[in-house]
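For the sequence shown, the numbering used here assigns the number 1 to the initial residue and increments by one for each residue that follows.
Backbone N, C-alpha and C define an ideal beta-carbon position, used for all residues, glycine too.
Please read all numbers here as calculations on a predicted model, not as lab measurements.
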Amino acid sequence: MSMIRSFYLQKWAYYLAGLASLVYVVSYFYPPLLVVGHGILVLGALALLMDVVLLYSRTNGLAGGREVPDRLSNGDINQVRIRVISRYSFPVTIRVFEELPYQLHTGHWERKLRVDKEGVGRVDYQVRPTVRGEYQFGNINLFVSSPLRLVERRYVLAARHLVKVYPAFLQLRRYQLLAATDRLQEAGAKRIRRLGHSLEFEQIKEYIRGDDYRTINWKATGKRGDLMVNNYTDEKSQQIYSIINKGRVMKMPFGGLSLLDYAINASLVLSHVSLARQDKAGLITLSQQVDDFVPADKKPGQMNQLQEALYGQQTDFLEPDFEKLYSLVRSRITHRSLLLLFTNFESLESLQRDLNSLKRIARYHLLLVVFFENTELASLIRQPASSIEEIYIKTIAEKYAFEKRLMVKELYRHGILSILTSPENLTVNTVNKYLELKTRMSI
């Protein structure tokens with residue numbers, strides 16, 4: 001970068017110029033101050049020249065780059081780091097301006113950094129993407145100044161980087177170890193009482209936290225001197241399908257994410273937990289057509305295939321066709337499976353329109369309908385009403401909230417399981433229901 005384009009005066013240079021101008025004005029009334037004005041001007045010019053020499057004595061005084069993962073997790077906190085290497089032989093102060101992707105741009109982004117002579121500095125910050133897709137990070141702009149603080153030199157670090165934002169895969173790491181060690185309750189999953197010990201005996205192992213005390217094998221404990229428990233295994237290789245409605249009702253936002261994003265994140269975690277338990281995970285996405293169908297499997301690359309399928313899903317603002325979903329289920333899913341339908345119903349009439357198709361699907365498979373509470377209505381109901389208008393609004397809100405509970409009863413009346421949940425609790429409630437159904441051997 002040329003010197004002219006990278007040269008910037010700091011506020012202290014303008015303060016010196018303003019002070020010299022003030023002294024010159026006063027010297028018009030008091031002539032002896034004219035010499036003082038000349039002195040300030042000369043000293044300021046010398047200091048400015050020295051500052052320029054210090055900053056431009058090295059061709060490449062600063063270097064560095066950005067450390068960002070190749071993939072970001074949608075809806076989660078992701079760490080980004082900027083490293084700056086100084087080759088100056090004196091301490092410098094640096095202002096860092098990051099060129100964020102437009103999806104993450106929230107206004108003025110600036111950080112200040114002080115780096116010792118020939119030292120290394122870093123800036124750590126966090127980003128929380130709320131939209132899946134490609135994010136283009138731009139260059140890094142650095143404005144460096146010496147201890148004289150009169151001049152800034154601009155450096156532009158070429159750091160353009162394309163990053164893809166995938167469904168919340170960071171949550172998978174949270175559940176991975178817990179699912180493998182049967183400690184999912186630490187992530188919010190509830191322990192469900194098993195119906196007897198009709199499950200298949202697998203092995204005797206050492207007791208670890210979370211194991212059922214009733215499974216302690218006292219004979220093996222006496223021989224080993226340590227607590228030993230009988231380990232029973234669930235029935236494996238059952239098919240678990242996540243069916244995601246991509247219609248307009250899933251565009252509703254909550255906490256920066258749409259209901260579709262919450263459903264995608266929950267289905268990804270559920271698939272990961274089911275694969276860890278040796279079940280087969282599959283996926284269906286639905287709008288006016290059945291857009292994607294990933295057959296249930298537990299092969300090593302199944303999670304990558306599901307992530308790629310979920311990466312580009314978007315709502316199309318159309319009503320889903322559940323009759324086409326029924327046709328696909330009858331023709332492509334031949335074994336009894338657990339089908340989790342992530343959708344939303346805002347009124348009892350909207351449920352009645354699709355109920356016949358859901359009832360037909362439930363004849364052949366265990367159907368679990370997952371839909372959402374309207375959290376805005378819940379906040380309205382909790383607020384006290386002090387006027388006729390507020391009473392009317394609160395009454396309407398209670399009516400719609402009551403309809404949501406009626407939908408649960410209506411589905412249950414037709415033999416269809418359901419979960420009515422808030423968006424932030426969707427993942428935990430879904431995993432809880434899956435574990436409950438597995439424990440009660442309902443699949």
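Span of the beta strand (DSSP E), counted from its first residue to its last, around residue i
i    : result
K280 : K280 to L286
F402 : Here F402 belongs to no beta strand (DSSP E); instead the alpha helix (DSSP H) covers I388 to R413.
H161 : H161 to Y166
L157 : V151 to L157
G133 : G133 to F137
I244 : Q239 to N245
L367 : L366 to F372
T421 : L417 to T421
S86  : N78 to S86
L16  : Unbroken run through L16 is the alpha helix (DSSP H), K11 to S27; no beta strand (DSSP E).
V273 : Run containing V273: none in the beta strand (DSSP E); it sits in the alpha helix (DSSP H), L259 to A276.
Reference residue i; option with closest CA among the options
i    : options                   : result
L142 : V123, L148 and L150       : V123
V269 : R382, L283, I208 and K117 : L283
A397 : E346, L351 and T59        : E346
R95  : Y8, E436, L420 and N230   : Y8
N231 : E206, S237 and S145       : E206
A45  : G75, W12, D226 and Y311   : W12
I243 : S237, M252, Y213 and L260 : L260
D354 : R87, H335 and E319        : E319
R336 : K394, V25, H365 and H105  : H365
A309 : F293, R224, S386 and D321 : F293
G210 : A385, V229, L367 and G75  : V229
N429 : M441, P31, E152 and A263  : A263
L338 : L49, V115, L54 and V431   : V431
K112 : I381, V408, Y125 and K409 : Y125
Q10  : R149, M441, S386 and L417 : R149
S86  : Q238, G64, R440 and L104  : G64
I40  : I388, R332, V53 and L16   : L16
I82  : V36, N139 and L34         : N139
L358 : S386, Q383, F322 and R330 : F322
Y14  : A47, P31, F371 and P32    : A47
Y311 : A168, Y241 and I381       : A168
Cβ-based burial, residue i [other Cβ within 10 Å; buried from 16]
i    : result
G61  : buried
A378 : exposed
I5   : Correcting the residue identity first, residue 5 is Arg in this sequence and not Ile. Looking at its Cβ environment, which holds fewer than 16 other Cβ atoms inside 10 Å, R5 is exposed.
E186 : Unreliable placement is indicated for E186, whose pLDDT of 49 sits below 50; the coordinate value is still reported in the next sentence. Label assigned to E186: exposed.
A281 : buried
M3   : exposed
S267 : buried
L195 : Low confidence applies here, because L195 scores a pLDDT of 46, under 50, leaving its location unreliable and the question unanswered by this model.
N356 : exposed
E152 : buried
G75  : buried
E98  : buried
E424 : exposed
M441 : exposed
T427 : buried
A20  : buried
G301 : exposed
D226 : exposed
S198 : The predicted position of S198 is uncertain, since its pLDDT is 44 and thus under 50; a value taken from the coordinates is nonetheless stated next. Exposed.
N245 : buried
N304 : exposed
V144 : buried
Q313 : buried
G18  : exposed
Host alpha helix (DSSP H) of residue i (start-end)
i    : result
I140 : Where I140 is concerned, there is no enclosing alpha helix (DSSP H), although the beta strand (DSSP E) it sits in stretches over I140 to S145.
D51  : L33 to Y56
A385 : Here A385 belongs to no alpha helix (DSSP H), and DSSP marks it neither H nor E.
L446 : Outside the displayed range of the chain (1 to 443) lies residue 446, so it cannot be described from this structure.
F293 : F293 -> not in any alpha helix (DSSP H); beta strand (DSSP E) instead, spanning V290 to D297.
L435 : L426 to T439
Proximity of residue i and residue j at Cβ, strictly below 8 Å
i    : j    : result
E390 : L348 : no
V80  : R71  : no
P101 : K117 : no
D279 : K298 : yes
V127 : N78  : yes
M250 : N374 : no
L411 : V369 : yes
A362 : I416 : yes
S287 : D316 : yes
L104 : P129 : yes
R58  : Y88  : yes
V165 : V68  : no
G37  : Y56  : no
F371 : L406 : no
Notebook entry, point to check: Does the count of Cβ pairs from the stretch 216-224 and the stretch 257-275 closer than 8 Å reach three?
Noted result: no
Check: So does the stretch 147-166 actually touch the stretch 239-256, counting three or more Cβ pairs closer than 8 Å?
Finding: no
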